[in-house]
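Same order as they appear, the protein sequences are chains A and B.
Residue numbers for the first sequence follow our numbering, beginning at 1 and rising by one.
Residue numbers for the second sequence follow our numbering, beginning at 1001 and rising by one.
Scroll down for the structure; my scribbles are underneath it.
There are 2 protein chains.
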Amino acid sequence: MGKLPVTERTSMRRLSERASYDESVVHAILDEALICHVAFVFEGRPVVLPTGYARIDDRIYLHGSAGGRFFRAMANGAEVAVDVTLLDGMVLARSAFHHSMNYRSVVVFGRAEAVEGEMKRRAIEGFVDRMIPGRAASIRPASEAELRKTIVVAIPIAECSAKVRSGPPVDDEDDYGLPVWAGEIPLILGTSDPVPDPRMKVTIDAPDHVASFRGRLARVER
Amino acid sequence: MGKLPVTERTSMRRLSERASYDESVVHAILDEALICHVAFVFEGRPVVLPTGYARIDDRIYLHGSAGGRFFRAMANGAEVAVDVTLLDGMVLARSAFHHSMNYRSVVVFGRAEAVEGEMKRRAIEGFVDRMIPGRAASIRPASEAELRKTIVVAIPIAECSAKVRSGPPVDDEDDYGLPVWAGEIPLILGTSDPVPDPRMKVTIDAPDHVASFRGRLARVER
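What follows is the structure, encoded as structure tokens:
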């Protein structure tokens, strides 16, 4: 994996020490997060959609209802900006000004393109396996009718940057002497015990892929 | 608190049973989440920014560097779309098509306006107290120079809707007999033990507002 080019839109004029154009950094963030936010222009005005996604190779795949106005607009080649942000902590500084958050984020700019044929099916299965690795094989795959009801679009991971902040607050030198507690409160995503669908007709233990999904995140008692 | 009007942009054509226009629902989501995503049009193309925010009364306040091109554009009255999404769970259905996520989200459409004067200072303190309630009083407030280096914009919570999905998967009737584990894996945001800034010159216990912040979220062992 290599370096992504720096463009007008992905160059960071401020806090450029937080920027990364390494594909490995970008892919790691894209593969950890569970939702993205897609911005595009609809009838001249901005729209933002939170949605699941899957990275497959060097593209981000999104899917939505073929009946929805927004996905139809995207499938027609809309310019989009996709953001993925993992929140890692609250950064408590000695001054209001230097309060911050620790995070890892990626933004991808590009033109969405409609995905059809075999790649469309592969992307749809990819969504499930991206979310819950190992699950796609155990469920009913999408029917032809369901594929027709779904729009899949892809955005190339080409004009793209990652931004990462970590570590303690960075205060003004004069403020370090203030008698203020400063530091980080780490934020961690966890899962609690799975809730079986009450409509399951037979008792089935939660499969290994549920445990594996939970194993990637913290365990939380509710 | 009342009902927000339904507009062309906030009417939900699909899955409208998930929609809410109750101010109380909208405010509760805005007051729980820690970041928003702001979309706007910059030089004809979409941009999306993840950022902290504060709701004060019926406005969302954002802040950024006065040196940044995006916040300058917003302060000039840009149309924006602001999304706030809380992810509550993975929804595992019997078919690929019905996999979903449980979430609570809000989208606000509107025109950003620059905030100046006393309200600007109040918003800046609001950001800290919104993030870590009770903290603003114990830190050094923003100086005049810091206020000048910061742009604060507000977006009215007027053209706005909430969208909520909860509960088990909704499968096709024919699929309920499949021998597939189905249900929800709840996602929960937690904190782990605070990490004091190694540059604290004296030993100070983490203050009550740190414990209060953590009390609102799950506790996670790392």
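A virtual CB, placed ideally from N, CA and C, is assigned to each residue, including glycine.
Beta-carbon spacing of residue i, residue j below 8 Å
i: Ala114 (chain A); j: Val153 (chain A); result: yes
i: Cys1160 (chain B); j: Val1108 (chain B); result: yes
i: His1037 (chain B); j: His37 (chain A); result: yes
i: Ala1054 (chain B); j: Gly1126 (chain B); result: yes
i: Phe97 (chain A); j: Glu1221 (chain B); result: no
i: Asp174 (chain A); j: Ala182 (chain A); result: no
i: Val1080 (chain B); j: Phe1040 (chain B); result: yes
i: Val64 (chain A); j: Ile151 (chain A); result: Going by the sequence as given, residue 64 (chain A) is Gly instead of Val. Yes.
i: Pro1050 (chain B); j: Ile1035 (chain B); result: yes
i: Arg122 (chain A); j: Val180 (chain A); result: no
i: Gly68 (chain A); j: Arg111 (chain A); result: no
i: Gly190 (chain A); j: Met1101 (chain B); result: no
i: His1209 (chain B); j: Ile1155 (chain B); result: no
i: Ser105 (chain A); j: Lys163 (chain A); result: yes
i: Pro1198 (chain B); j: Ala1206 (chain B); result: no
i: Met1001 (chain B); j: Glu1017 (chain B); result: no
i: Ile1048 (chain B); j: Val6 (chain A); result: The question names Ile, yet the displayed sequence has Val at residue 1048 (chain B). No.
i: Glu1144 (chain B); j: Leu1086 (chain B); result: no
Which residues DSSP lists as bridging residue i, in chain order
i: Ser65 (chain A); result: A:Thr150
i: Tyr103 (chain A); result: A:Leu87 and A:Arg165
i: Arg140 (chain A); result: B:Ser1095
i: Lys201 (chain A); result: Bridge partners of Lys201 (chain A): none, in fact.
i: Ile157 (chain A); result: Looking at the DSSP assignment, Ile157 (chain A) forms no beta bridge with any residue, so it has no partner.
i: Leu1189 (chain B); result: A:Leu189
i: Val195 (chain A); result: B:Glu1184
i: Pro50 (chain A); result: A:His37
For residue i, the three-state DSSP class (helix, strand or coil)
i: Arg1111 (chain B); result: strand
i: Glu23 (chain A); result: helix
i: Val180 (chain A); result: coil
i: Arg219 (chain A); result: strand
i: Arg214 (chain A); result: helix
i: Arg1055 (chain B); result: strand
i: Ile35 (chain A); result: coil
i: Leu1030 (chain B); result: helix
i: Arg45 (chain A); result: strand
i: Val128 (chain A); result: helix
i: Ala1075 (chain B); result: helix
i: Ala81 (chain A); result: strand
i: Gly1117 (chain B); result: helix
Integer Cβ distance of residue i from residue j, believed to fall under 8 Å
i: Ile124 (chain A); j: Asp58 (chain A); result: Actually they are not in contact, since the Cβ atoms of Ile124 (chain A) and Asp58 (chain A) sit about 19 Å apart, beyond 8 Å.
i: Val1084 (chain B); j: Ile1139 (chain B); result: Wrong, their Cβ atoms sit about 25 Å apart, outside the cutoff.
i: Arg214 (chain A); j: Ile1185 (chain B); result: 7 Å
i: Ser1192 (chain B); j: Ile188 (chain A); result: 6 Å
i: Tyr1103 (chain B); j: Arg1009 (chain B); result: Their Cβ separation, rounded to whole angstroms, is 20 Å, which puts Tyr1103 (chain B) and Arg1009 (chain B) out of contact at 8 Å.
i: Lys1201 (chain B); j: Gly177 (chain A); result: 6 Å
i: Val26 (chain A); j: Leu4 (chain A); result: 7 Å
key: Contact residues within the segment 1157-1190 of chain B, judged by C-beta distance below 7 Å to chain A   = Cβ contacts with chain A come from Pro1168, Pro1169, Asp1175, Tyr1176, Gly1177, Leu1178, Pro1179, Val1180, Trp1181, Ala1182, Gly1183, Glu1184, Ile1185, Pro1186, Leu1187, Ile1188, Leu1189 and Gly1190.
query = Any residues in the segment 48-67 of chain A with a beta carbon nearer than 7 Å to a beta carbon of chain B? Which ones, in chain order?
reply = Val48, Pro50, Gly52, Ser65 and Gly67
query = When Cβ atoms are compared, which residues of the segment 1093-1125 of chain B fall closer than 8 Å to chain A?
reply = Ala1093, Arg1094, Ser1095, Ala1096, Phe1097, His1099, Met1101, Tyr1103, Ser1105, Val1107, Phe1109, Ile1124 and Glu1125
message = Tell me which residues of the segment 193-213 of chain A have at least one Cβ-Cβ distance to chain B shorter than 8 Å, keeping chain order.
response = Asp193, Pro194, Val195, Pro196, Asp197, Pro198, Arg199, Met200, Lys201, Val202, Ile204, Asp205, Ala206, Pro207, Val210 and Phe213
ask   = Quick one, which residues of the segment 29-48 of chain A are near chain B if we go by CB-CB under 7 Å, in chain order?
value = Leu34, Ile35, His37, Ala39, Phe40, Val41, Arg45, Pro46, Val47 and Val48
query = If contact means a Cβ-Cβ distance below 9 Å, which residues of the segment 69-80 of chain A contact chain B?
reply = Arg69, Ala78, Glu79 and Val80
key: Proximal residues, the segment 125-147 of chain A versus chain B, C-beta separation under 8 Å   = Glu125, Phe127, Val128, Met131, Ile132, Arg135, Ala136, Ser138, Ile139, Arg140, Pro141, Ala142, Ser143 and Glu146
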